[in-house]
Amino acid sequence: MIGTLNLCPRSLLSLVSVPLLLLLLLAPCAQGNTEIINFMATLAESPDIVLPWTQLNITNREASLNITPVLNSTEVWPQSGIWLTLDLDDPNWSSYNKFTLRASWPASHPCDIYIRTFDPQHVASQLLRNRPLHPTRRKYAHIHVINTGIPTPSSIGEDMTWLRREPVPVTLILEPLLLGVVPQSVVPVITLLSGAVAMMIMIMPTAVGYYNTITIPFKQGLLRRKQE
Ligand SMILES: *[C@@H]1O[C@H](CO)[C@@H](O)[C@H](O)[C@H]1NC(C)=O
Ligand SMILES: *[C@@H]1O[C@H](CO)[C@@H](O)[C@H](O)[C@H]1NC(C)=O
Ligand SMILES: *[C@@H]1O[C@H](CO)[C@@H](O)[C@H](O)[C@H]1NC(C)=O
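Residue numbers are given in my numbering: position 73 of the sequence shown equals residue 73, and the series is strictly consecutive.
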């Protein structure tokens with residue numbers, strides 16, 4: 001048939017998934033450079049200790065920190081970079097099993113950022129002895145920065161290494177992942193997009209029908225002319 005839109009399930013699916021995929025791909029790019037780590041909120045036994053590190057939790061999901069970069073991976077120690085406490089124990093977060101920690105930094109700082117999460121046992125193993133233990137979903141994250149800039153020799157032969165050790169302003173965001181994949185902050189946009197797509201799908205048969213009624217006379221005319 002000429003002029004009818006073939007709306008098979010596969011084309012419907014691509015209609016929905018393409019904008020979603022684009023969105024998921026573009027969302028992190030909008031903020032310069034981004035490094036993301038997704039992790040499971042597993043339960044572990046830990047003493048009730050408070051480490052002197054920046055804490056991210058349900059009310060404090062974001063932190064901006066200046067991290068001093070190292071120049072290559074041989075310089076990476078537990079002491080280089082920074083440590084975060086990720087408090088996932090809020091009852092409102094109990095239904096989420098997967099979380100994402102995202103680091104973003106300005107493109108003007110050429111560097112790679114590495115994130116690793118750790119269970120309390122790993123971080124506080126020496127503190128586990130002779131303490132009452134409590135089940136917790138708390139995790140710790142180690143973030144370090146490696147400068148990837150090309151050393152620029154100064155005209156007077158001065159050592160410019162210090163320039164590559166300038167702290168990098170890094171924004172860190174902790175978020176639960178819906179269904180284990182979608183960051184919570186992206187949900188409103190997806191809802192909006194899905195609404196738009198649903199409306200398109202609802203309108204389409206009407207539009208196609210309308211298109212057919214207005215084009216039928218032309219098609220018939222064409223056919224008649226072909227037969228002549
Ligand atoms: C969240 O962390 C901040 C510090 O970053 C702390 O002041 C606040 O009490 C914490 N909130 C909860 C609910 O633990
Ligand atoms: C790593 O950096 C250190 C100190 O800046 C330097 O001495 C060493 O040669 C570097 N190693 C490599 C493989 O670049
Ligand atoms: C947790 O949920 C309750 C009820 O839905 C709400 O009143 C409260 O503000 C939430 N707390 C946080 C930190 O989001």
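Positions of the beta carbon are idealized from the N, C-alpha and C atoms, including for glycine. These numbers were taken from a predicted model, which means no experiment stands behind them.
Inset, instruction - Taking only the alpha-carbon atoms, compute the straight-line gap between Thr-42 and Asn-212 and give it to the nearest angstrom. - result: 57 Å
Inset, instruction - Out of Val-76, Asn-92, Ala-44, Trp-105, point me to the one whose CA is closest to Gly-32's CA. - result: Trp-105
Inset, instruction - Inspect the CB distances between the stretch 83 to 102 and the stretch 152 to 168 and report whether three or more fall short of 8 Å. - result: no
Inset, instruction - Verify whether the separation of the beta carbon atoms of Val-145 and Ile-67 is less than 9 Å. - result: yes
Inset, instruction - Look at Cys-111 and Pro-47 and say whether their C-beta atoms are less than 9 Å apart. - result: no
Legend entry - Reference Ile-113; option with closest CA among Pro-120, Asp-119, Ala-103, Ala-196: Ala-103
Legend entry - Three-state class that DSSP yields for Gln-55 in the structure shown: strand
Inset, instruction - Report whether the distance from the Cβ of Ile-49 to the nearest heavy atom of ligand 1 is below 8 Å. - result: no
Inset, instruction - Just grab the DSSP bridge partners of Trp-105 for me. - result: Asn-33
Inset, instruction - Tell me whether Thr-136 counts as near ligand 3, meaning its Cβ is closer than 8 Å to at least one heavy atom of that ligand. - result: no
Inset, instruction - State the Cα-Cα distance for the pair Leu-174 and Ser-185, rounded to the nearest angstrom. - result: 10 Å
Inset, instruction - Note down, in chain order, each residue of its chain lying with its Cβ closer than 6 Å to the Cβ of Arg-116, except the 5 sequence neighbours on either side. - result: His-142
Inset, instruction - Would you tell me roughly how many angstroms separate the C-alpha atoms of Gly-107 and Ser-94, rounded to the nearest one? - result: Reading off the sequence, residue 107 comes out as Ala, not Gly. Rounded to whole angstroms, Ala-107 to Ser-94 spans 35 Å at the Cα level.
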